[in-house]
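Asks: Numbering-wise (the numbering used here), the sequence shown opens with residue 118 and increments by one. Note that beta-carbon positions come from the ideal geometry of N, C-alpha and C, so glycine has one too. One structure, pasted below without further comment.
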Amino acid sequence: MLQALSTIVTTSGPPAIWLTPAAISARAAGTAWPRDFDGDRNAPPADCGGMAGLDHLLDALADPADPSPRTCSNGCTTTCRRVPGSLF
């Protein structure tokens with residue numbers, strides 16, 4: 118059974134419908150799960166601003182001599198610097 122939560126989360130406008138799983142089953146014995154351990158870089162930070170923000174971040178990190186301020190998608194201003202040993 119899937120439960121719609123629109124009456125709880127919507128007070129005006131079109132209803133927002135959230136679906137929640139009613140059952141989670143255990144994986145079958147011997148099931149292989151796909152894993153990706155061979156990527157070029159780690160996942161982008163959560164607040165980097167999508168693909169355009171990630172491109173901007175990678176450009177900033179590629180030139181550590183340029184400490185110009187960068188603006189994150191959440192509005193904070195920071196100086197991007199490459200962290201030694203990081204995957205970016």
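Is Met168 near the ligand SAM, with its Cβ less than 7 Å from a heavy atom?
Replies: Here there are no bound small molecules, and the ligand SAM is not part of this structure.
Asks: If you follow the alpha helix (DSSP H) that Ala179 is part of, which residue opens it and which one closes it?
Replies: 167-179
Asks: Straight-line CA distance for Ala213 to Ile141?
Replies: There is no way to answer for residue 213, as the model of the chain reaches only from 118 to 205.
Asks: My understanding is that Leu178 touches Cys165, with C-beta atoms under 8 Å, so please give their C-beta distance in whole angstroms.
Replies: Wrong, their Cβ atoms sit about 11 Å apart, outside the cutoff.
Asks: In whole angstroms, what is the alpha-carbon distance linking Asp176 and Arg144?
Replies: 42 Å
Asks: When burial is assigned at 16 or more other CB atoms within 10 Å of the CB, is Met168 buried or exposed?
Replies: With fewer than 16 other Cβ atoms within 10 Å, it is exposed.
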